[in-house]
Amino acid sequence: MDIGDMLERMRDPLGAPFYPPALQVLLVVTWVFHIFFVTLALGSSAYSILGFLRPSEHRLRLARVAARLTPNAVGLGIVTGIAPLLFVQTIYDPIWYASNTLSGFWSVSFIFVVMGGYSLAYLFYLKGSADGKLLWSAVASFVLLFFAGWVMHVLASVSIRPERWMEWYAPNGVIDTRGIAFHAWNIPRLIFLLPLQSGLSLSVVLTLFAWYFRRIEEDAPFMNWVADRGRWLGLVISPLYAVAGLLWAATEGVEFGIGVPVGIALAAVGLALTGYFFFLKQPMQQAPRTLLVWIVALLTVGVVREGIRAVSLARFGYSVSNYPYIMDWGSILVFGVTTLVGVAVVTYLALVLYQSGGTTRDSEVSPRVERFGSIATGMLGAWFAFFILVGLYTTFMLK
Amino acid sequence: MYPVWEGLFIHSAMFVAVVSAFHVLASHLTVAAAWFNLYLERRAVYENRPELYVYLKRSALGLLVFAYVFGAMAGVGIWQTTTAANPRGISTLIHNFVLYWGSEWYMFLIDVVGIIAYYYTFERVNPKTHLRLAWILALGGTGTLAIIVGILSFKLTPGLWFATGESLNGFFNPTFWPQLFMRFALMFTITAAWALLIVTGLPKGYFARERIIRIAAVMGLGGLAVALSIWFFWYYPALPAHAKTILRSPAIPPITFTVIIGGLIATFLGLLFALVMPRRQHQIIALGAMLVLFAAIFGAERTREVIRKPDIIAGYMSSNQLVFNDIPARGVLREEQQLNETGMLGSLPFLPRPEQISVAVTNSAGHQVAMGRVLVIQQCAACHNVSNQTAITVFDQRLALRSLAQLLERRKMTTAPKIETYLNGIGAFPYMHPVIGTPEERAAMALYLEYFVQQQHAPQPQAQARR
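These protein sequence lines map, in sequence, to chains A and B.
Number 299 in the numbering used here belongs to position 299 of the first sequence; there are no gaps in the numbering.
Number 1043 in the numbering used here belongs to position 43 of the second sequence; there are no gaps in the numbering.
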């Protein structure tokens, strides 16, 4: 069977419930948030180990903060990972399902690996981070979390090489249903996306951390040191990021015939970040801007990554733009209303966390945020009325 | 249509079952615990009873670490395990309900950010603000429940969706409302066990201890009574006739009912004990109650999954991942009819043509057996153990999920001709789907199954190709 025919045949016959390119945009945007938290978890995990291995007063203090941050970042990485997982299954179902079944054992193991990494990170935070005991748990946690990243990397690499699927599934005519082989990978891509981005995410969050606690005077020396560490880390890693990007372009990019544009885009991101960190003279004060710069950089990487996927599948005539779809107004209505409510409530929760967290010692949630909270909570309550009404309408009227 | 992942040592379906049961326990806990905590926090605020915050803080930390994060991970685990075990089944759900799942994700985001805010702002924000966070957690959790029940219940009763193709009809299907309220009630029983676990971990001198135990026990017993009432008077009557037949068939082993009913009785007695003798409560008893509930939930969720057999989506897609019914409103055509004429091999992605199949695995047994292996894996492996890859031996006991070798031996169908006859008539069983493919392909399947049966007894396979 021709690979193009195979991919078309594998598409779900129901089609997508919404305009597929819009789902593609959502896929890229939600991946940015996911990869930010995932790389932050890896970065903070690494720092929580290094800080205890080469201790100084500031390093130890920061290592304890990193130990606390790691499990929370893992949790947020998991939660934000659900959204791109939904969209990739909708518009790239043939390649996602094929790669997950070809690597079935690792696909299933993934979550147990993450659970192990999270548990050990929490163990270190609760029982070890005060005095550096149980450092092995932090190391084991880092190894497991990185391994989980490797598994996802393999799944993505397998998914964009459909021309080799049968060779992997039925080598020499014998089908292999164990799913234990790592069929494909690209080391420059892995280094670019995981260790280097972990360093950069950590770098950005260090400056943000210092900025958030900037008003506590007795902590000023520590916070200045943290912000400087953040800038230094960004400055050291950004050129490596550019080099890894070029290597990624020279390998996977060239494999799919888009080495030049991928190389230009990724090198430009790396060099731009180098320049940004070089000229960043007040890392603490300009931390929010640094975060914005990093999000834009990740968005660019997300677009490049999506471009590689699109080009790899275009070889066989597969395109998101010609994915069959219907406009399923029922689900669009439910999603639209829930989006309004969800954004309002999460914004309120974030504001409460921000304002109560310690910009000063006796912080309190402002009356404006309280008013907003009343509205957001009311919207959440009203959502149930909406949901029940839609349900009753469907049950009794929609025939 | 997709590669088959059989599982390794443990059958792929069992990975799904274990991860799902854990997810149900954790996710149900988050919803009802949020309501229970809200109730206690309201009393703490309006009756000025600050001692209740000791319990609330302990409970919130446990929920944050265990229920929300592990629940979330297990949720992703369900995606991974179902994707590997039955990709086209999950694909049907995704392509109908991705935006509902997106909506659930918002509610879930509210839950996770909410529990972080809730836990880290104890004593940092004023009590009324904190109470609002409790409200948000309770409502957000209930939102996730309301949405996921629509998707889950669709698998058993797609209802008017067959005619209209509208996702709303599939979502608000005939078993949606009873299942929603039944689960909501049962959650309070799970939360009662959780509350007992948390409160018995507090110091003996904690003077709200007995009061909380009593409240939790009443709530748990009430939840159990309501859930059982809904089961008998609303949910069971709404089940399709086919599901009721399966419930009474050998597809569900009697041990499952023993576990479910025994678990419910044990839970009832445990909560009654807590209500009558709150002072005698101990953390070990509470932990036992949680484990008993986990076993009962595992049994109940497995039963819910099995009663729609042999379909993965009742009336639409069978466990072999093939569509067997037209959905004109969505332009979907059945796939099985054509495959019976053209044959399976070479007609679907990842099913090689006969000449591409090697005999390497089945050794001397011949090419027909090798062909049969490919077909049996494609059609049977979703529910059955069909090779030694997904069996383990513990104390001389071979553990395998619905092993076809054991099943055929029990029915004395151990030779290829008998197995072929059996395969041709299998569609008459209520929990089995007709075998798809040409007569030649069914004969090849029978040969492989004969080989598989013999493999269980002899170190060297003796089966020979007969044709």
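Using N, Cα and C, we set each Cβ at its ideal position, and we do this for glycine too.
- Look at Y323 of chain A here: in three-state DSSP terms it is coil, with no helix or strand label.
- Secondary structure at R289 of chain A: helix, using DSSP grouped into helix, strand and coil.
- Distance from the CA atom of Y1055 of chain B to the CA atom of A73 of chain A, rounded to whole angstroms, is 26 Å.
- Against chain A, a Cβ distance below 9 Å from Y1120 of chain B picks out L353, S356, G357.
- Taken through DSSP and simplified to helix, strand or coil, V1359 of chain B comes out as coil.
- The DSSP-derived three-state label of L1160 of chain B is coil.
- Of the candidates A:V337, A:M379, A:Y393, the residue whose Cα lies closest to the Cα of Y1100 of chain B is A:V337.
- Shown here, A130 of chain A sits in coil according to DSSP, grouped into three states, outside any helix or strand.
- Of all residues in the stretch 78-106 of chain A, only I78, V79, G81, I82, A83, L85, L86, Q89, T90, D93, Y97, A98, N100, T101, L102, G104, F105 come within less than 7 Å of chain B when Cβ atoms are compared, listed by chain position.
- D93 of chain A counts as buried, since at least 16 other C-beta atoms from the protein chains shown sit within 10 angstroms of its C-beta.
- Non-local C-beta neighbours of F256 of chain A in its own chain, meaning closer than 7 Å and more than five positions away in sequence, comprise I308, V311, S312, ordered along the chain.
- Separation of the CB atoms of G253 of chain A and V262 of chain A is rounded to 4 Å, and the pair is thereby assigned contact status at 8 Å.
- Excluding its 5 nearest sequence neighbours in each direction, F1154 of chain B has C-beta neighbours in its own chain below 6 Å: G1170, N1173, listed in chain order.
- V1359 of chain B and R1442 of chain B have their C-alpha atoms roughly 18 Å apart.
- By the beta-carbon neighbour count (other beta carbons within 10 angstroms, threshold 16), I1261 of chain B is exposed.
- For D1311 of chain B, the pairing in a beta bridge is given by DSSP as B:S1318.
- Non-local beta-carbon contacts of Y1119 of chain B in its own chain, meaning distances under 7 Å to residues more than five positions away in sequence, involve A1060, L1061, L1064 in chain order.
- Against chain B, the beta carbon of T339 of chain A has neighbours under 9 Å at G1102, S1103, Y1106, listed in chain order.
- A1227 of chain B sits away from P1178 of chain B, with the two beta carbons spaced by 7 Å or more.
- Three or more beta-carbon pairs separated by less than 8 Å link the stretch 70-88 of chain A to the stretch 23-38 of chain A, which places the two stretches in contact.
- Counting every other CB atom within 10 Å of its CB across the protein chains shown gives H34 of chain A a total of 16 or more, marking it as buried.
- Interface annotation, L1447 of chain B: not in contact with chain A, CB-CB separation never under 7 Å.
- For M6 of chain A, the closest Cβ of chain B is nearer than 7 Å.
- Annotation: Cβ neighbours of R1124 of chain B in chain A (cutoff 7 Å, chain order): S356.
- The beta carbon of W1135 of chain B sits closer than 8 Å to those of L1038, all from its chain and outside the five residues before and after it, given in chain order.
- When C-alpha distances from V369 of chain A are compared across A:V345, A:L392, A:T290, the shortest belongs to A:V345.
- Residue-level contact check: F1350 of chain B touches chain A, since one or more beta carbons of chain A fall below 7 Å from its beta carbon.
- Identification of chain A residues near T1083 of chain B by a Cβ-Cβ cut-off of 7 Å yields Y97, N100, S107, ordered along the chain.
- Put simply, the backbone Cα of L1029 of chain B is about 18 Å away from that of G1201 of chain B.
- Using a CB distance cut-off of 7 Å, N172 of chain A counts as an interface residue toward chain B.
- Membership of T1393 of chain B in the beta strand (DSSP E) is indicated by the continuous run 1391-1394.
- A distance below 6 Å between beta-carbons, with the five flanking residues on each side excluded, links F1009 of chain B to the following residues of its chain, in chain order: I1392.
- By a beta-carbon distance limit of 8 Å, L1345 of chain B contacts P1354 of chain B. Their separation comes to about 5 Å.
- Proximity of the stretch 125-138 of chain A to the stretch 55-74 of chain A meets the contact definition, three or more beta-carbon pairs being nearer than 8 Å.
- Non-local C-beta neighbours of W31 of chain A in its own chain, meaning closer than 6 Å and more than five positions away in sequence, comprise P84, G302, ordered along the chain.
- When secondary structure is reduced to three states using DSSP, G1437 of chain B falls in the coil class, being assigned neither helix nor strand.
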